[in-house]
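In full-length UniProt numbering, the protein residues as written are 1 to 182. Read through the structure below, which is laid out as structure tokens, and then see the notes.
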């Protein structure tokens, strides 16, 4: 849709410029006719217009401001925070999944199960076996958006357990099986 809008506005600029040039040429032609009334009218040459250039600097003149602006919560994500992808009626969006150590609650079955993967990769790390973890999706309606949030949730938990941030510009999605298959 935006390409058609760009073409329409570019064509309008050309036509507007041609109209301005035609008005100027007509005024000059009237002066010439008054000077030489007997001279036969010649067909006028095609109008000369300036080229219309569309670039990133003037794109908003053609299509307006972007309808969606991304709110980036983190310039750099801390350990335990990962960007995920979510389905929306408009196609999709990014959202953050945040994990942290919580006080005063028992671990869920799912959270305890994540510890076995970490144990297989780093047997000395018992963080997920002992920690009481809190999981939060700031802009999500539920803490887990179906099976497609599995990779993002596990990545956030591993990031927290290993105290290592994950790149903030890599959103992720995907289901994760109990055996670690995506």
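All C-beta atoms, glycine included, are put in the ideal place defined by N, C-alpha and C. Computed from a predicted model, the values in this text were never measured in an experiment.
Next item on the list: Below 8 Å on the Cβ atoms is my guess for residue 84 versus residue 171; work out the distance and round it to an integer in Å.
Entry: Their Cβ separation, rounded to whole angstroms, is 6 Å, which keeps residue 84 and residue 171 in contact under 8 Å.
Margin query: Bridge partners for residue 133 per DSSP, in chain order?
Written below: According to DSSP, residue 133 bridges with 101.
Next item on the list: Taking residue 56 as the reference, give the member of 6, 168, 175, 176 with the closest Cα.
Entry: That would be 6, whose Cα lies nearest to the Cα of residue 56.
Next item on the list: Below 7 Å CB to CB, which residues in the same chain sit around residue 50 once its five sequence neighbours on both sides are set aside?
Entry: Result list for residue 50: 17, in chain order.
Next item on the list: Report the rounded CA-to-CA distance for residue 3 versus residue 123, giving the unit in angstroms.
Entry: Rounded to the nearest angstrom, the gap between the Cα atoms of residue 3 and residue 123 is 55 Å.
Item checked: Helix, strand or coil at residue 93 [DSSP, three-state] -> The answer is strand: DSSP assigns residue 93 an E or B state.
Check: If we count the other Cβ atoms within 10 Å of its Cβ and call it buried at 16 or more, is residue 99 buried or exposed?
Finding: By the neighbour-count criterion, in which 16 or more other beta carbons inside 10 Å mark a residue as buried, residue 99 falls on the buried side.
Margin query: Between the alpha carbons of residue 144 and residue 95, how many angstroms are there, rounded?
Written below: Low local confidence applies: a pLDDT of 43 at residue 144 is under 50, so the model's placement there is unreliable, with the coordinate-based value given in what follows. Taking the CA atoms as reference points, residue 144 sits about 12 Å from residue 95.
Checklist line | residue 85 - DSSP class collapsed to helix/strand/coil | finding: Residue state, collapsed to three classes: strand.
Margin query: Beta-carbon within less than 7 Å of residue 142's beta-carbon, same chain only, minus the 5 sequence neighbours each way: which residues are those?
Written below: Any answer about residue 142 is weak, because its pLDDT of 45 lies below 50 and its placement is not dependable; what the coordinates show is given next. Excluding positions up to five away in sequence, the list is empty.
Checklist line | residue 79 beta carbon less than 7 Å from that of residue 159 | finding: Yes. Within cutoff.
Next item on the list: Evaluate residue 11 with the Cβ neighbour count: other Cβ atoms within 10 Å of its Cβ, from every protein chain shown; 16 or more gives buried, anything less gives exposed.
Entry: Counting the other Cβ atoms within 10 Å of the Cβ of residue 11 gives fewer than 16, which makes it exposed.
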